[in-house]
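Novice: For the sequence shown, position 262 matches number 263 in my numbering, and the numbering has no gaps at all. Quick reminder that beta carbons are idealized off the backbone N, C-alpha and C, glycines included. Being a predicted model, the structure only gives us computed values, none of them experimental. Pasting a structure here, questions to come.
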Amino acid sequence: MTNTLSLAARLRTMDDIALSALVADRQIAATGINDFFDLAEALLDRDSIQRALSRLDRQTLAAIAALTTVTGGAASATDVAARLLGWGASPAPDPRAVADRLSRAADLALAERSSENAGGSGERFAGDSGEGFAAYESVREQFAAWPGLGLPSSAELATSAPPTALAAVPDTDARFTDRLAAEHAFAAVSHVSGLVAELDREPARELQKGGLALPATKRLASALSIGLDDVASVLSVAARAGLVAQESSAWLTTDKGAAWQHASTADRWRGLAEAWQQRLPVDIRGLLAERAHAVWGDSLRAFVTWAFPAGGAWMQERVTVYARDAEVLGITARQAPSTPGSLLLENGVDASTAAMAAMFPPEVERVYLQHDLSIVSPGPLTPEIDSRLRMIADLESRALASSYRVSAGSLNRAIAAGESADSIREFLASISLTGLPQPLEYLITDTADRYGRLRVSDLAEHRVSAPGEQPGSDGNSRSSVHSDDQQLLTTVEVDQSLAVLALVRTGPNRLVSRFSRDIVFWALSDARYPVAAEDAVGEVVSLRRHRVALPSRTSGLDPASAIIERLRLSDSVSEAETGEAWLARQLDVAVRGRVTLIVSVAMPDGRLIDYLLEPTGVSGGRLRGRDRKADIERTLPLSSIVSLSPSS
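This is the structure:
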């Protein structure tokens, strides 16, 4: 309880930024935190302390553990380093590094700093400031309980040697590693590009319990030519880079994703690799940087277990996720860092991207147009050509030599987006190494001629009844599908793939739907009907399916902000009331914990007298307590109490 009093007082003096960082780092829930004493008790809870310790590396844990064994008040970094050396730590601990680790503990409210010199008896090291630290009692108790939990003792934290150093990647294997990594990297860029394009065409639904819906997963797997189990990994890489985002229950592309699609292959890889590196937790980033030229695998897992002895499955899971994505991005290949991967970890993304770009195949701007309506690229296409080609043709396979296929449906989609027969011919002729095959020429002409045989408009924008139309049959309908080709309209009406549109015949040349014009248009377009959209005056308009995810908006405050708001609110009374309320809360904690306090009382003659009291109750504006020196009961008016402080 003494620690609760001192920590509550310390918390009260912290600014909002420091408080927010502390609450976030310690993952304190907002429930039940109404004042600084509640927050202090939550921070000193043994389970909360263990969670904090599980995220610290072995050297930091050893420093804190040594601090818990130093008696006689606050200890300097020199004292703690001497204790570690006495346990047999090798090499000899650097007090400056120890001081940094103890400062980290203090920032996490596992220890507190003392403004007074620690006064240790050991020899001072160069650079030791003499700043004192003291561990909270709950932290001492938790470390004392570690051996019973199967965790290292305090001395073992300092003396246990790391596992055998990770094996370096042999020079003879480096070339093979780089080739395989370049293949992985190129495939990752291709798959993410395909994912962005597919989500641009149609969002993917996210389940309430988490994870993509199975139909969306199958669609994306088919579009990207990957396995169902690989879709989540590609989505994770794209989301980490901010190229796609979840809005409500759907995954959509972002503005950043749309711009990323037009960058070069090397720059696109750069964006993915940089996001991977930036999102690496600091502890793992340092761990991997130290092993930039060593094989990861089981040896890395063993080192993680040693380096984070309290981390358990939580730390291993983090390493597994980032190691998996490193393999996907070509940062590693078969768990060995590639040359670009090593450069990324050691020198940053610029050097890494230059190395990876040199291993990518050169981009091309010409393709082969085949008589069977397929298009084959002899290498990776430039982003601009690839993007426009995917609007005109469907991607069949993506590799170093990708293939596409032109169909009436793909051409109809392109025309709906603003292309014309002439613009399509001109573009394809400009990139073709084989001219424009006659079957393709015929298909472009025929599709352009058929385009618009079905017209879709908003019902409110198309109020003139056609001959034979049933009056008053609109009901709740929102859009109209009309055509002079009654047979085509009948085909649409009975098409089971369009049953979800609930199309209803209201005349020989007209169907209506309760869905909007855009939804009906894209459903008919996906079903490969020659459909066009109309505006209010019956003019054909181009529709863009593209919709980007908006920046996420959170409702309410995050837990840290909610806690701080509540703390400041509880403290926002008049200065006199604040002092009295704070004193009463301190005494309440002391009474419950039977804590002995030094109570400073102002006497009528102006003198200050300190009493060593164990408070037993507060009522009627007076404090009752046992005077430990005089061994008598005392009653003191709260208005005369100047300050309280722990007795030790």
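Counting along the chain, where does the beta strand (DSSP E) carrying Glu248 start and finish?
Specialist: Val245 to Glu248
Novice: Counting only runs that start and end within the region 389-470, where is the alpha helix (DSSP H) found for 4 or more residues in a row?
Specialist: 409-417, 422-432 and 439-451
Novice: Out of Asp26, Asp36 and Val24, point me to the one whose CA is closest to Ala10's CA.
Specialist: For Ala10, the nearest C-alpha among the options comes from Asp36.
Novice: Could you pull out every residue in the same chain whose Cβ sits closer than 8 Å to the Cβ of Ala251, ignoring the five residues on either side in sequence?
Specialist: Here the set comprises Pro204, Ala205, Arg206 and Glu207.
Novice: Can you check whether the C-beta of Ala98 is within less than 8 Å of a C-beta belonging to chain B?
Specialist: Absent here is chain B; the protein component of the structure consists of one chain.
Novice: Does the distance from the C-beta atom of Val521 to that of Val482 stay below 8 Å?
Specialist: yes
Novice: Could you give the uninterrupted runs of the alpha helix (DSSP H) lying entirely in the region 26-109, keeping only those of 4 residues or more?
Specialist: 37-44, 47-54, 59-70, 78-88 and 96-108
Novice: What are the boundary residues of the alpha helix (DSSP H) that includes Thr132?
Specialist: A quick correction: the sequence has Glu, not Thr, at residue 132. Glu132 -> not in any alpha helix (DSSP H); beta strand (DSSP E) instead, spanning Glu132 to Ala136.
Novice: If you drop the 5 nearest sequence neighbours on each side, which residues of the same chain put their C-beta closer than 8 Å to that of Glu113?
Specialist: Ser7, Leu8, Arg11, Ala107, Phe134, Ala135 and Tyr137
Novice: Bridge partners of Val368, per DSSP?
Specialist: Ser433
Novice: On the DSSP bridge assignment, give the partners of Ser480 in chain order.
Specialist: Asp459 and Ser514
Novice: Output needed for Arg625: all residues of its chain with C-beta closer than 6 Å, excluding positions within five of it in sequence on either side, in chain order.
Specialist: Only Thr617, Gly618 and Thr636 meet the Cβ criterion.
Novice: What would DSSP say about Leu504, mapped onto helix, strand or coil?
Specialist: DSSP, reduced to helix, strand and coil, places Leu504 outside both helices and strands of the structure shown, so it counts as coil.
Novice: Touch check for the region 415-428 and the region 346-359: three-plus C-beta pairs under 8 Å?
Specialist: No, they do not touch.
Novice: Compute the Euclidean distance between the alpha carbons of Gln487 and Ser543, then round it to the nearest angstrom.
Specialist: One C-alpha to the other measures close to 24 Å.
Novice: Can you tell which of Glu420, His192 and Ser431 has its C-alpha closest to the C-alpha of Thr446?
Specialist: Glu420
Novice: What residue from Phe516, Leu158, Leu502 and Ser388 has the CA that sits closest to Ser191's CA?
Specialist: Ser388
Novice: Do Ile393 and Ile432 have their beta-carbon atoms positioned less than 8 Å apart in this structure?
Specialist: No, these two residues do not count as a Cβ contact at 8 Å.
Novice: Quick check on DSSP: helix, strand or coil for Val538?
Specialist: coil
Novice: If we ignore side chains and look at the alpha-carbon of each, how far apart do Ser553 and Leu225 end up?
Specialist: Low local confidence applies: a pLDDT of 46 at Ser553 is under 50, so the model's placement there is unreliable, with the coordinate-based value given in what follows. Cα to Cα, the separation comes out at about 27 Å.
Novice: When you compare only the Cα positions, how much space is there between Leu20 and Phe177?
Specialist: 50 Å
Novice: Can the beta-carbon of Ala609 be found closer than 8 Å to that of Val643?
Specialist: Residue identity check: residue 609 is Leu in the sequence provided, not Ala. It is a contact, given that the beta carbons lie within the stated cut-off.
Novice: Give every residue of the same chain whose Cβ lies closer than 7 Å to the Cβ of Ala43, excluding the five residues on either side of it in the sequence, and list them in chain order.
Specialist: So the list reads Ile29, Ile34 and Ser49, once near-sequence residues are dropped.
Novice: Does the structure place the region 518-538 close enough to the region 445-460 that three or more beta carbon pairs sit under 8 Å?
Specialist: yes
Novice: On the premise that Phe144 lies in contact with Ala264, defined as a C-beta separation below 8 Å, what is that separation, rounded to the nearest angstrom?
Specialist: Going by Cβ atoms, the distance from Ala264 to Phe144 rounds to 51 Å, so no, they are not a contact pair.
Novice: Bridge partners for Val619 per DSSP, in chain order?
Specialist: Leu624
Novice: Report, in whole angstroms, the separation of the C-beta atoms of Pro310 and Leu62, which I expect to be a contact under 8 Å.
Specialist: Indeed, because the Cβ distance is near 7 Å, the residues count as touching under 8 Å.
Novice: Could you tell me the alpha carbon to alpha carbon distance between Glu615 and Gly621, rounded to whole angstroms?
Specialist: 18 Å
Novice: Near Arg1, which residues of its chain fall below 7 Å by C-beta distance, leaving aside the five closest residues on each side in sequence?
Specialist: Residue 1 is absent from the structure shown; the chain starts at 2 and stops at 649.
Novice: Taking only three categories from DSSP, how would you classify Ser343?
Specialist: Helix, per DSSP.
Novice: Pick from Gln278, Trp307 and Leu344: whose alpha carbon is nearest that of Tyr323?
Specialist: It is Gln278.
Novice: Can you tell me whether Ser640 is helix, strand or coil according to DSSP?
Specialist: In the three-state reduction of the DSSP assignment, Ser640 falls in the helix class, which pools H, G and I.
Novice: Would you grab the beta carbon distance between Arg271 and Trp261 for me? Rounded to a whole angstrom, and I think it's under 8 Å.
Specialist: Their Cβ separation, rounded to whole angstroms, is 10 Å, which puts Arg271 and Trp261 out of contact at 8 Å.
Novice: With distances taken from CA atoms, which of Ile376, Thr333 and Gly212 is nearest Met357?
Specialist: Thr333
Novice: Quick check on DSSP: helix, strand or coil for Ala233?
Specialist: Here Ala233 sits in helix by DSSP.
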